[in-house]
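What follows is one structure encoded as structure tokens, with my remarks underneath.
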Amino acid sequence: MTFYDNHYEAALPNLPAYEFVLDDSPTCHQSLKYWTDRADEISPTLSKLTGSVESYFNTGMQHSNAAAGFGTALSDVAKAVENDKDISEPIMKFADMLQRIECYRDMFLSQTQILTLQPLAALTKEFEKAKELQSQMQKARDALHISWEKYSSMSHLSNLQEPSVLDKLAHGMLHARHNYQRILLKYVSTLRDLHSLKKVIILQKVLEHMLAQFSFFNFAYQTLKDVEPYMNDLFKELQNTHAKLEENLQDDEDVQSSSETDILSQYQKDAQSFAEPQTTVLGSATLGHSVNTVNAQAGKFFNKLGDLIQGSMAGSKKTGKERQDQEWEVVEKPGQSSSPQISRQDEMLSSPQGKPRPEPPTSLPSSPAKKKDGSSATQEDDAQEKVIKVVPADLLSPSTEETPQNRNVDPQTDESRPIQ
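Residues 2 to 421 in the working numbering are what the sequence shown lists, from first letter to last.
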């Protein structure tokens, strides 16, 4: 490959020549326009390349910092498991290797910034300056054309009112031409520089970046290549260890399943020795017992209430009935129906010396209920001579346990009056 090695003209093919500065011919204008357009095409792409290299550098630094943190974390893990040498030593070795690679990456990124990013940014600024210089050249050309038109449109010397007018216009035109040629020379030199040396510099900086990339990745490759046998042996060893550990874990699962079965069978066996707890609506045996207790107490309460209602209904018909008559009934023997027996309560109310109390007055007629009970008692057995307790004492309400003296009974009712 021959790269601009013939002669200088081959390196600068058809570039604007310096002779165009003095000539200012149409050929000069065409050449300037062509290379100006080429510079305008290169400038935005070069600016984009510079921005990409800057982004590459910034993201590379972030990656390098993250990778350095990764290596540090590996070192911390190795220190945490330093008691297990089979685990800590390989991790420490890999952490050291990664830290060396990332250290070289940091050097590579520094070279990218110095050798690629900064020169490309400078080239981008030079292309921007070429645009500004082209604008100045265009203004100088316009000023030259205006001064030339003024000078050429001047009337004959004989018609001039002041002879110095010609000198002023001539000096103005000469000054404008000098300024234009000076700027044009600088612009031609800039175009020749941009389209020759600067292009080579662009390629040179890209090549330097690629060489830096090669150096970095080659170092990383050699670093990893040195530990390749160690990593392969470690990989095989870990594969075998992993297979053995899986077998051990399978055995552990079998033992765990067997233990769960034994636990369940032991529970079922022990549970058979005891009765199942009663399930209630609330789902608790204790709460169910409390509910049963409350139900029993409620039943007793309603029984007492029913007895009170029945007692009040019976008392409305026979208001003179004593408490002894309500709680105890006199049962007559078959042969002695004319003389009623003394109730057990009367015997209990006898004197301590065993003398019975006098019988209640016989002038009071017995209630119809007593007569009915006396007639039915003649048909019963001798065992029915016992006293029958109608209502249990624990179900009696406090109102029914009052003494007969406290009951408001009118003794002068029709049933209690003596028969005349």
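C-beta: ideal position from N, C-alpha, C; glycine also.
In the same chain as Leu116, and ignoring 5 residues on each side of it, the C-beta atoms closer than 8 Å to its own belong to Lys206, Glu209, His210 and Ala213, in chain order. If you check the CB distance, Ala141 and Tyr105 do not come in under 8 Å.
Lys132 counts as exposed, since fewer than 16 other beta carbons sit within 10 angstroms of its beta carbon. With a contact defined as Cβ atoms closer than 8 Å, Ile184 and Met138 qualify at about 5 Å. With a 10 Å radius around the Cβ and a threshold of 16 neighbouring Cβ atoms, Glu261 comes out exposed. Judged by DSSP secondary structure, Tyr57 falls within the alpha helix (DSSP H) whose first and last residues are Pro27 to Ala81. Lys80 and Ile88 have their C-alpha atoms spaced approximately 10 Å apart.
For Tyr19, there is no enclosing alpha helix (DSSP H), as DSSP marks it with neither H nor E. The shortest CA-to-CA distance from Ser65 to any of Asp85, Ser111, Phe275 and Lys34 is the one to Ser111.
Note that the C-beta distance between Ser48 and Thr125 is below 8 Å. For Met98, the enclosing alpha helix (DSSP H) has its first and last residue at Lys86 to Thr113.
The shortest CA-to-CA distance from Met98 to any of Ser56, Lys86 and Thr73 is the one to Thr73. The three-state secondary structure of Glu277, taken from DSSP, is coil. About 7 Å separates the CB atoms of Trp36 and Leu16; that is less than 8 Å, so the two are in contact. In the same chain as Leu235, and ignoring 5 residues on each side of it, the C-beta atoms closer than 7 Å to its own belong to Pro91, in chain order. Assigned with DSSP and collapsed to three states, Glu163 falls in coil, not helix or strand.
Leu208: member of the alpha helix (DSSP H) spanning Lys200 to Asp227, first to last residue.
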